[in-house]
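*Asks:* Residue numbers (our numbering), protein chains in the order written: chain S, 17 to 378; chain X, 17 to 378; chain U, 17 to 378; chain H, 17 to 378. Here a beta-carbon is modelled for each residue, glycine too, at the ideal position from N, C-alpha and C. Quantities reported herein were computed from a predicted structural model and do not represent experimental measurements.
There are 4 protein chains.
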Amino acid sequence: MRRSRSKSVSKIRVAMVGGGIGGFIGEIHRMAMRLDNRYDLVAGALSSEPERSIRSAMELGLERPYGTWEELIEAEQGDIDCIAIVTPNDSHAAIATAALEAGYHVVLDKPMTRTLNEAVTLAELALQSTQMLALTYTYTGYPMIREMKSRIAGGEIGSLRAVSVSYRQGWLSSAIENEGQKQALWRTNPALCGAGALGDIGSHAEQLARFVTGHSIQSVRGDVHSVVGGRKVDDHATVQMKLSEGIIGDLIVSQVSTGERNNVEVKVYGEDGALTWSHGEPDVLALLKQDGTEHRFHCSVNRAPSGHPAGFVEAFANIYSDCANVMQGSDGMIIDAQEGLASMKFIHAVLQSQESQTWVEL
Amino acid sequence: MRRSRSKSVSKIRVAMVGGGIGGFIGEIHRMAMRLDNRYDLVAGALSSEPERSIRSAMELGLERPYGTWEELIEAEQGDIDCIAIVTPNDSHAAIATAALEAGYHVVLDKPMTRTLNEAVTLAELALQSTQMLALTYTYTGYPMIREMKSRIAGGEIGSLRAVSVSYRQGWLSSAIENEGQKQALWRTNPALCGAGALGDIGSHAEQLARFVTGHSIQSVRGDVHSVVGGRKVDDHATVQMKLSEGIIGDLIVSQVSTGERNNVEVKVYGEDGALTWSHGEPDVLALLKQDGTEHRFHCSVNRAPSGHPAGFVEAFANIYSDCANVMQGSDGMIIDAQEGLASMKFIHAVLQSQESQTWVEL
Amino acid sequence: MRRSRSKSVSKIRVAMVGGGIGGFIGEIHRMAMRLDNRYDLVAGALSSEPERSIRSAMELGLERPYGTWEELIEAEQGDIDCIAIVTPNDSHAAIATAALEAGYHVVLDKPMTRTLNEAVTLAELALQSTQMLALTYTYTGYPMIREMKSRIAGGEIGSLRAVSVSYRQGWLSSAIENEGQKQALWRTNPALCGAGALGDIGSHAEQLARFVTGHSIQSVRGDVHSVVGGRKVDDHATVQMKLSEGIIGDLIVSQVSTGERNNVEVKVYGEDGALTWSHGEPDVLALLKQDGTEHRFHCSVNRAPSGHPAGFVEAFANIYSDCANVMQGSDGMIIDAQEGLASMKFIHAVLQSQESQTWVEL
Amino acid sequence: MRRSRSKSVSKIRVAMVGGGIGGFIGEIHRMAMRLDNRYDLVAGALSSEPERSIRSAMELGLERPYGTWEELIEAEQGDIDCIAIVTPNDSHAAIATAALEAGYHVVLDKPMTRTLNEAVTLAELALQSTQMLALTYTYTGYPMIREMKSRIAGGEIGSLRAVSVSYRQGWLSSAIENEGQKQALWRTNPALCGAGALGDIGSHAEQLARFVTGHSIQSVRGDVHSVVGGRKVDDHATVQMKLSEGIIGDLIVSQVSTGERNNVEVKVYGEDGALTWSHGEPDVLALLKQDGTEHRFHCSVNRAPSGHPAGFVEAFANIYSDCANVMQGSDGMIIDAQEGLASMKFIHAVLQSQESQTWVEL
């Protein structure tokens, strides 16, 4: 009783720009797309060098390799639904703009752009576009970060007082950009990345502060450092923040904290308790109550039953799953260009405050 | 510069037996196959009911749905490389036997079979077969479990003294099999599962004890219980064990430990230190030394850089990745039918020891 | 306005037998007595060697040093209220008996005696005595162990199913008794200690199982080992247990688990949840519920406010505080000779079961 | 063989000012004195109300109660060695000055004084005095904090980059000072305490930053808040800091972090690794290395063997033990008036920086 091919479940047809073999985040995007089987990655312009771009795509087995993203965007109209952009920050604006204007949905790595001006323009375009522009703020893909947001919105810890976020890495503890480390090269080159740690991981941290509280950051005062000698971008910063409704914020971001691997912590304090989350135990959300009891909620909405740990790739896949929902017309939680713009304003304001040594409004 | 389709990277063509929509483990297998993009799941006989089997395959978008596994095995010869079997235990032996005999590679859920006799026969067949039979003992897919094995083999904790494993769940704390819960139904029906907790999760625990130590279990003395009234299989057991070279073992397995979600712990003690691992922190392996220092090694071989948590699905994908290696002729760490047979002997011996109230040799 | 001496707050006048300088537990008892200032340690026979006994007492500044405990017991009648006995196990029975018969209250280190026969006789005497005999089962002094008992008694986790206790140390991992280590010398000499790990720390573990559940141990089946070559007592054992009302028990005790410092864990499972405690975090009691939430209760009854950690010495002081309450006629939770006898029966039964290779009733 | 009283071991004779029954810290001091049996608390002026002062001393069984500290200081000259001062901050300067001038050693609660001016004067006096003035910065009594200092000084993590300290409590989350809570009353009254959270616990945090790094704080920029309406002192602050040799610092202090009990964390980052300590696990010091390994050192110098937890009272007793050493002419690690002055400068500078909204040098 062999049957003919079943009517294929409808998948999102997607092309990738950037993310050639050897990089880190491109493969994460591809795994995230595959995990829930809702995407067909069919085309790619995976590198800024045409030769390498095509070779990468062929090695990955993509059906339609391109030498440049411009070619891809022109050629694929009507054939694919979405373009995933995972290039260094300096090309985000141009590619995303072209993609949106050509009628593609866009999934875009954070930070949204290299400069604030680019971000303003792109956010404007996105607002007028009928297509989706979604940013991959990874941590919003963790179910317990969403649960944190939801419990706070539900009033579980009462009126908010303070939010404290920190994101510490140690991988840039020495000047590995001078040794040709590929990730370090572009992430410490202001012409490519814009800001350093503030852009790369500070954007995650500040977005988490806004995401879980549901409040905007109104002004900042940063103490910004380039710890490693000769580095051209910031690699360590502490930021004092004022959020809407008088909520006090503090943020620490560092890529020179030797020994830290990828330590993200979020703590929110309200009149009636606190909620805390740590990347080291992503399936747990802790609620601290004034009676001294700590309630630890364990994630129950992962792909395997509660008690089976999930991690980074699954969080990323949750973001892609929500994007698929939105592109297919149903509900999905995405981080849009307005939020991407808010991140860019934050980075800009912190750097300004470092220059002026004053509070800077966003 | 649109190119013609690139020469496709060679993928393993696979069919699945069992694992229809609604189950748990089938989808885990499918995600594990997809994650590293080395498999093409093209055919399936996903249920023991032909109608449902075909509907499930079509819903999943499989190219070639079948009503029965017999049809699939006959029809796909030459078209696929491997059959993944995720049915209840009672049909493992028949399907795996047919698949091996028809020349397919086999990926088979643990425990290997329902009865020890079936296991003996199947292991014999597997030994003579040129095809791979690999069992999905999930926990061997965790990198830090492999690291534990490797450090022990390398002598890091010296001559071994004791191994302690526990696997506690609470989901069968009440008689949910009487309320029609699908997973509970077959996992508490001896005609389908053979043993209860001992087969379902005890097999993981005992295999971990053997896997990380590199030693065999030679005799056991179990205290086996059916805690929930009316249940026909064991749901809680403690086992005293003797491993080769005089290593002392203890094992606790329970599915009625209310409040436990999926708590697996492995501790190995040697003359020079101890190594411990817990499923709650799968990316960490701890080494305890006599000077009171605890060294915590963090996984550095996941799909994302160290500090980005990985979990159950990635562990499962590691198993599939190794299977792909083996099927494609390179090195891979798989759990073979001999190890599957050892598990079946363990289960059998523990149940025997409960009857005889004595130590039973394996 | 200098005042004459205030009417002294009434303190318990106490003498110590054993516990000369250089030992471990004697000084712990003395710190525990001092912490809450309810005891005056005025006399002592601190060693079995008279010369050393007196020298030790003088070094400690005791008012009235004695060469032997017999002298002390005779001389101090009416002058002191209580005798604290911290000698090796073989002299417990004789000293405690003499002390009780002479009308003193007795605080006695566990295990109660060296042999079961001694324990039976002493328990009988204690039952008839009007004086207090209290055993220093340290772990019952931890507030969260008491909270565990209280919550279980209050039905918080419903009808009990299983209790799991483990107590692992590594300090006897090699034959340090042959190198003259003082603690190891008597704790591995059966003429002085009776049993080995079972008596020294197994008694703590089994008592915890009974204490927190409120149930008795009815039968045991032990797998008992002397891991270190030439050692004359047990140093590693696992025990399967049956408690009253069908509660299943398991116990692990080891002093050869290299790398473990003093790892005590207690887990109790009921129909409605689990309560767990670990010595590594003594101020925390965890409640696991079937919905996947873990509630961590933090101690709020230590000497400093919640959030200020307390430890072993404070737990010991809690025991002395309760003893003071009882001696002064108010309520106090003490572990009496009946419980001490139960421990001795446990040790005896486990050793018997090792010989007979069967379950042994207590 | 009853002997006459042994030559008493020489003890420090001490009087206490402040610390009447009902307070918190006075009893902690007394327990700390008793634990190691090196102090005789013989006199006291325990309250600012003479009646209550004498009653408290009598209830505690002190030999020589006084109505006022002035009387005590005059009367006890030659009879006692040391005065422990545990009054609210506003009287620290006067009492400590009088005590030093009268030739007593002084143990003084932190912060040293209420105002910076008082601190300058007292530090000057202490510098010229032959007597000891020691401040009870509790956290310096924890062995693993000392180990942290020692490992940093020994170069284990290389040249320092950053220090991060936080101290969070929640007990002042509502205006309990208006409900008559005694501790809250004086700790939120600027006339008695000077600063609020900054003085009470910020002084601990900033001192820890200096203590473990061995570096001074050179300038600060604080974001200081009174979160609870109507409160007259600060209750939440974040501080950006510059330490000597370019070390970057950040500090968070809060007494309105609902749900936090007493959460102190210290992290120090150097070129070669990081050392971290948390009050929740005071016996552990963690060393993070760039290879991803975390080494957890467990305290081995507590009063009981490694593996037996110690806590707040023992840390406090360590401080008193060091004070006894110093008073008896041997080596001891004490926090002196210069360090106390540094804390006061810190508090002052942070409050100034809040007014000026600029960095303020110390």
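Nearest-angstrom Cα distance between residue 83 of chain U and residue 58 of chain U?
*Replies:* Start at 1 with the first residue of the third sequence, and residue 83 of chain U comes out as number 67. Start at 1 with the first residue of the third sequence, and residue 58 of chain U comes out as number 42. In a straight line, the C-alpha of residue 83 of chain U is about 14 Å away from that of residue 58 of chain U.
*Asks:* Roughly how many angstroms lie between the CA atoms of residue 305 of chain X and residue 275 of chain U, to the nearest whole one?
*Replies:* To locate residue 305 of chain X, count along the second sequence from 1; it is residue 289. To locate residue 275 of chain U, count along the third sequence from 1; it is residue 259. Using only the alpha carbons, I get a separation of about 4 Å.
*Asks:* By DSSP, does residue 148 of chain S sit in helix, in strand, or in coil?
*Replies:* Within the first sequence, residue 148 of chain S is the residue found at index 132, counting from 1. In this structure, residue 148 of chain S counts as coil in the three-state DSSP scheme.
*Asks:* Would you be able to state if there are at least three C-beta pairs under 8 Å between the segment 185-199 of chain X and the segment 281-291 of chain X?
*Replies:* In short, these stretches do not touch, since the Cβ pair count stays below three.
*Asks:* To the nearest angstrom, how far is the alpha carbon of residue 148 of chain U from that of residue 338 of chain U?
*Replies:* Numbered from its first residue, the third sequence carries residue 148 of chain U at position 132. Numbered from its first residue, the third sequence carries residue 338 of chain U at position 322. Answer to the nearest angstrom: the Cα atoms are 11 Å apart.
*Asks:* Which residue wins for smallest C-alpha separation from residue 132 of chain S, given the options S:359, S:51, S:67 and S:202?
*Replies:* Taking the first residue of the first sequence as position 1, residue 132 of chain S is located at position 116. Here the closest residue by C-alpha is S:359.
*Asks:* Given this structure, state the Cα-to-Cα distance separating residue 231 of chain H from residue 152 of chain H, to the nearest angstrom.
*Replies:* The residue you call residue 231 of chain H lines up with position 215 of the fourth sequence. The residue you call residue 152 of chain H lines up with position 136 of the fourth sequence. Roughly 20 Å separates the two Cα atoms.
*Asks:* In the structure shown, what three-state DSSP assignment does residue 128 of chain S receive?
*Replies:* Translated into positions along the first sequence, residue 128 of chain S becomes position 112. Coil.
*Asks:* Can you name the residues of chain X whose CB is closer than 8 Å to the CB of residue 309 of chain H?
*Replies:* Position 293 of the fourth sequence holds residue 309 of chain H. The contacting residues are 311, 312, 313 and 314.
*Asks:* So which residues of chain S does residue 165 of chain H contact, with C-beta pairs closer than 9 Å?
*Replies:* Locating residue 165 of chain H in the fourth sequence gives position 149, counting from the first residue. Neighbours of residue 165 of chain H on chain S: none; closest Cβ ~18 Å, over 9 Å.
*Asks:* Kindly indicate if chain S contains any beta-carbon less than 8 Å away from that of residue 287 of chain H.
*Replies:* Within the fourth sequence, residue 287 of chain H is the residue found at index 271, counting from 1. Closer than 8 Å: yes.
*Asks:* Which of the residues in the segment 48-70 of chain X, read from start to end, lie with their CB under 8 Å from any CB of chain S?
*Replies:* Result list: 50, 51, 52, 53, 66 and 70.
*Asks:* Straight-line CA distance for residue 90 of chain S to residue 115 of chain S?
*Replies:* Start at 1 with the first residue of the first sequence, and residue 90 of chain S comes out as number 74. Start at 1 with the first residue of the first sequence, and residue 115 of chain S comes out as number 99. Going by the C-alpha atoms only, they are around 9 Å apart.
*Asks:* Quick check: the segment 49-65 of chain H against the segment 26-36 of chain H, are there 3 or more CB pairs under 8 Å?
*Replies:* Contact holds: three or more Cβ-Cβ distances are below 8 Å.
*Asks:* Using C-beta distances below 6 Å, list every residue in its chain close to residue 258 of chain U, excluding the 5 sequence neighbours before and after it, in chain order.
*Replies:* Looking up residue 258 of chain U in the third sequence gives position 242. Contacts found: 234 and 235.
*Asks:* Please list, in chain order, the residues of the segment 313-341 of chain H that have any C-beta partner in chain U closer than 8 Å.
*Replies:* Result list: 314, 318, 319, 320, 321, 322, 323, 324, 325, 326, 327, 328, 329 and 330.
*Asks:* Should residue 42 of chain H be listed as close to the ligand GDP, given that the test is whether its C-beta is under 7 Å from any heavy atom?
*Replies:* For the ligand GDP, the structure offers nothing, since it holds no ligand at all.
*Asks:* Are the C-beta atoms of residue 19 of chain S and some chain U residue less than 8 Å apart?
*Replies:* The residue labelled residue 19 of chain S in the question sits at position 3 within the first sequence. The predicted position of residue 19 of chain S is uncertain, since its pLDDT is 38 and thus under 50; a value taken from the coordinates is nonetheless stated next. It does not; no Cβ of chain U falls within 8 Å.
*Asks:* What's the C-alpha gap between residue 163 of chain X and residue 334 of chain S?
*Replies:* The count along the second sequence starts at 1 and reaches residue 163 of chain X at position 147. The count along the first sequence starts at 1 and reaches residue 334 of chain S at position 318. Residue 163 of chain X and residue 334 of chain S: Cα-Cα distance of roughly 29 Å.
*Asks:* So, is residue 346 of chain H buried or exposed, given that buried needs 16 or more other C-beta atoms within 10 angstroms?
*Replies:* As a working note, residue 346 of chain H is residue 330 in the fourth sequence. Classification for residue 346 of chain H: exposed.
*Asks:* Checking the sheet assignment: what are the DSSP bridge partners for residue 184 of chain H?
*Replies:* Walking along the fourth sequence from the start, residue 184 of chain H turns up at place 168. H:270 and H:279.
*Asks:* From the DSSP output, which residues share a beta bridge with residue 313 of chain S?
*Replies:* Numbered from 1 along the first sequence, position 297 holds the residue referred to as residue 313 of chain S. Partner(s): S:301.
*Asks:* In terms of alpha-carbon separation, which member of S:43, S:38 and S:34 lies closest to residue 329 of chain S?
*Replies:* Within the first sequence, the letter at position 313 stands for residue 329 of chain S. The shortest C-alpha separation from residue 329 of chain S is found at S:43.
*Asks:* Please state whether the Cβ-Cβ distance between residue 118 of chain X and residue 87 of chain X is less than 8 Å.
*Replies:* For the purposes of this step, residue 118 of chain X is taken as residue 102 along the second sequence, with counting starting at 1. For the purposes of this step, residue 87 of chain X is taken as residue 71 along the second sequence, with counting starting at 1. For residue 118 of chain X and residue 87 of chain X, no; Cβs fall outside 8 Å.
*Asks:* Output, in sequence order along the chain, the residues in the segment 183-207 of chain S whose CB is closer than 7 Å to any CB in chain H.
*Replies:* Answer in chain order: 186 and 189.
*Asks:* Can you tell me whether residue 197 of chain H is helix, strand or coil according to DSSP?
*Replies:* Here the question's residue 197 of chain H lines up with position 181 in the fourth sequence. Correct three-state label for residue 197 of chain H: coil.
*Asks:* Expressed to the nearest angstrom, what Euclidean distance is found between the alpha-carbon atoms of residue 95 of chain X and residue 31 of chain X?
*Replies:* Residue mapping note: residue 95 of chain X aligns to position 79 of the second sequence, counting from 1. Residue mapping note: residue 31 of chain X aligns to position 15 of the second sequence, counting from 1. Rounded to whole angstroms, residue 95 of chain X to residue 31 of chain X spans 10 Å at the Cα level.
*Asks:* Pull out every residue of the segment 237-254 of chain X whose Cβ sits closer than 9 Å to any Cβ of chain S, in chain order.
*Replies:* Correct list: empty, as no residue qualifies.
*Asks:* Name, please, each residue of chain S whose Cβ falls closer than 9 Å to the Cβ of residue 295 of chain X.
*Replies:* Looking up residue 295 of chain X in the second sequence gives position 279. Per Cβ cutoff of 9 Å: 323, 324 and 325.
*Asks:* Between the alpha carbons of residue 35 of chain X and residue 78 of chain X, how many angstroms are there, rounded?
*Replies:* One-based indexing of the second sequence puts residue 35 of chain X at position 19. One-based indexing of the second sequence puts residue 78 of chain X at position 62. Between residue 35 of chain X and residue 78 of chain X, the C-alpha separation is close to 13 Å.
*Asks:* Please tell me whether residue 304 of chain X has its Cβ less than 8 Å away from any Cβ of chain U.
*Replies:* As a working mapping, residue 304 of chain X is identified with position 288 in the second sequence. Residue 304 of chain X counts as touching chain U.
*Asks:* Taking only three categories from DSSP, how would you classify residue 343 of chain U?
*Replies:* Counted from its first residue, the third sequence places residue 343 of chain U at position 327. Note: residue 343 of chain U maps to helix in three-state DSSP.
*Asks:* Mind the definition here: the segment 238-250 of chain H touches the segment 357-376 of chain H only if three or more C-beta pairs lie below 8 Å; say whether that holds.
*Replies:* Segments in contact, yes.
*Asks:* Rounded to the nearest angstrom, how far is the Cβ of residue 250 of chain U from that of residue 214 of chain U, given a contact under 8 Å?
*Replies:* Here residue 250 of chain U refers to the residue found at position 234 of the third sequence. Here residue 214 of chain U refers to the residue found at position 198 of the third sequence. Sure, about 5 Å apart at Cβ, within 8 Å.
*Asks:* So what does DSSP say about residue 175 of chain H, is it helix, strand or coil?
*Replies:* The sequence position of residue 175 of chain H within the fourth sequence is 159, counting from 1. Residue 175 of chain H falls in the coil class under three-state DSSP.
*Asks:* Mind reading off the beta-carbon distance from residue 51 of chain U to residue 47 of chain H? Whole number of angstroms is fine, and I expect it under 8 Å.
*Replies:* Here residue 51 of chain U refers to the residue found at position 35 when the third sequence is read from its first residue. Here residue 47 of chain H refers to the residue found at position 31 when the fourth sequence is read from its first residue. Right, the Cβ-Cβ distance comes to about 6 Å (below 8 Å), so this counts as a contact.
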